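Take a look at the structure set out below.
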Amino acid sequence: MDTDALRRLHYAAAIACGVFAALVVHIVLTVFGAGLDAVLRGDASSRQQLTSALAWWAVAGAGFIGGWATGAYLIAATREREFVYRLAQRVLIAVVFAVATAGGIMSKSGNLGGTVDVIAGLTALGLGLICAFCGARLAYLNAEQV
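Letter 75 of the sequence shown, counting from 1, is numbered 72 in our numbering, and no numbers are missing.
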């Protein structure tokens, strides 16, 4: 496979894993009642504002760290032997599958959803995408310097 195409594929996988991490954190926080939508429900007290702000930081941090860690892992696997590369592929697939399964199980909170839930979910998706892109980009910029 072409080296440039493989690099782009790894870059896309790193961003996707960062987005998955951000969405899983969003789902877990929502199940525990501390999601991004805490301010949008009812009267916004200072406690709800703090909870929502911390949820924003947690979702953004999960996206960034997920994108960076996956990018760094794939870079390290690519620079090594074929065995490490194949092992990295399998581990990455297993991690994505486990995270997606855990997020799906935890999302069964019994809520019917609504406009607020859709807004919060799309916000978490966008925030996770931006932060995962930044994390993956940082990993690849660091790899080019080495």
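Cβ coordinates follow ideal geometry from the N, Cα and C atoms, glycine included. Owing to the predicted nature of the structure, the values given are computational and were not obtained by experimental measurement.
In this structure A129 is in contact with A19, their Cβ atoms being roughly 7 Å apart against a cut-off of 8 Å. Under a 10 Å Cβ-count criterion, A99 is classified as exposed, with fewer than 16 other Cβ atoms of the shown protein chains found around its own Cβ. In the structure shown, G64 adopts helical secondary structure according to DSSP, grouped into three states. One thing to note: A136 has its Cβ no nearer than 8 Å to the Cβ of A59.
Judged by beta-carbon spacing, S49 lies within the 8 Å limit of L33, meaning their Cβ atoms are closer than that value. In summary, G30 is exposed, with fewer than 16 beta-carbon neighbours lying within 10 Å of its beta-carbon over all protein chains present.
The residue from G111, A133, I24 and L89 with its alpha-carbon nearest to that of W53 is I24.
Here V56 is not near L138, since their CB atoms are 8 Å or more apart.
Pairing V113 with L26 gives a Cβ-Cβ distance that is not under 8 Å.
Of A95, Q46, G63 and V21, the smallest CA-CA separation from A133 is found for G63.
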